[in-house]
Amino acid sequence: MPPAPEEAAEAPAAPVTPAEATPEATAEPVAEPAPAPPAQPSLAHDPDHTEAPPPGSLRAKLMRSHFEETVAIRHAVIAGDIRHAIKPAAALADLKGLETLPKLWQDGVQRLTAASRRISESADLQEVAAATADIARACGACHASVSGPKAKLTDPPPAGTTMKERMARHHWGTQRMWEGLFVPSEEAWKAGVDALGADVFPKNEVSKGGVHAVSAASRFISLVDKAKTAKTSQQRGDVYAQVLSTCAPCHSAMGIKPKE
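Start counting the sequence shown at 19; every next residue gets the next number (the working numbering).
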């Protein structure tokens, strides 16, 4: 039952039922004229190279922007309100100038835009979760072809005994799983799975949410076991999507509003 990433929009979500399966897987001038408004960024303005963008460059700013859009998409899935995934997904799918990127990047770019369009066109939580995982895998494929980002691992929060403490640890774990796909990073994936598998949610707390919460928590535990044996990007993307799709039903059953 991981909580949400930090950034996201807020709106009342429709009731969510537990997910059973996940598909495969935005001063007046005096002498001089007023300056023109800054142009919207476009990848076509950047030189064609295959190295990581230098800090402050246009491409670096775009990468940061897209990172924020993926955060918004993940929050929408976890909150169970996929309407809030449409705008950031459309922004990822409609970026101009992608065809000017180096050839090494083109496969990842095409996969990114395809997955983003699936999100903006789907009304199904499980399909959106699967497409979210595919975005992470597409980014990871591109990062692996160049000097992409590196995962910086820290110690996970202590397990504790309260629901709040366990949720903090699960948040940390699911973030590391995302990095395992997005960076990609073997170490991040393993750290995330280990953190999620070390401690379960307090049964006395989960039982307050009734059968739907108990079912989602049980499914979550089985998915963590599955994540331990997932080796390929496809396998890990599939299980990550299923992990995401358990969040909203459990939050709904427990009456929990994910943090922004």
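The beta carbon of each residue, even a glycine, is placed where N, CA and C say it ideally should be.
Quantities reported herein were computed from a predicted structural model and do not represent experimental measurements.
Beta-carbon proximity list for residue i, same chain, < 6 Å, skipping 5 on both sides
i           : result
residue 262 : 95 and 147
residue 186 : 175
residue 215 : 242
residue 272 : 227 and 231
residue 244 : 257
residue 158 : 199, 200 and 202
residue 163 : 122
residue 248 : 254 and 257
residue 223 : 181
Where residue i falls, given that 16 or more other Cβ within 10 Å makes a residue buried
i           : result
residue 225 : exposed
residue 197 : buried
residue 204 : exposed
residue 85  : exposed
residue 99  : buried
residue 172 : exposed
residue 250 : exposed
residue 58  : Below a pLDDT of 50, predicted positions are generally treated as unreliable, and residue 58, at 35, falls in that range; no measurement from the model is reported.
Cβ neighbours of residue i in the same chain (closer than 7 Å, five flanking residues each side left out)
i           : result
residue 138 : 104, 107, 108 and 111
residue 219 : 19, 181, 184 and 235
residue 88  : 153
residue 133 : 149, 152, 153 and 156
residue 169 : 197, 201, 203, 205 and 206
Pairwise C-alpha distance: residue j and residue i
i           : j           : result
residue 161 : residue 167 : 7 Å
residue 117 : residue 228 : 51 Å
residue 127 : residue 276 : 30 Å
residue 16  : residue 149 : The structure shown does not extend to residue 16, since the chain is modelled only from 19 to 278, so the question has no answer here.
residue 102 : residue 136 : 14 Å
residue 130 : residue 274 : 31 Å
residue 191 : residue 93  : 15 Å
residue 141 : residue 90  : 17 Å
residue 119 : residue 212 : 37 Å
residue 221 : residue 194 : 25 Å
residue 125 : residue 238 : 32 Å
residue 252 : residue 113 : 25 Å
Endpoints, the alpha helix (DSSP H) within which residue i is located
i           : result
residue 104 : 101 to 111
residue 137 : 121 to 139
residue 264 : 251 to 272
Same chain, Cβ closer than 8 Å to residue i, neighbours up to 5 away in sequence not counted
i           : result
residue 208 : 198
residue 241 : 257, 260, 261 and 264
residue 47  : Summary for residue 47: the model assigns pLDDT 41, below 50, so the residue's position carries little reliability; its value from the coordinates is reported in the next sentence. Same-chain partners within the cutoff: there are none.
residue 246 : 211 and 215
residue 177 : 183, 184, 187, 216 and 217
residue 179 : 220
Residue i: CB within 7 Å of a non-hydrogen atom of the ligand NAD
i           : result
residue 252 : The ligand NAD is absent from the structure shown, which contains no ligand whatsoever.
**Message:** Report the start-end ranges of each alpha helix (DSSP H) in the region 155 to 239 that is 4 residues or longer and not cut off at the edges.
**Reply:** Here the runs fully enclosed are 181 to 200, 204 to 216 and 221 to 224.
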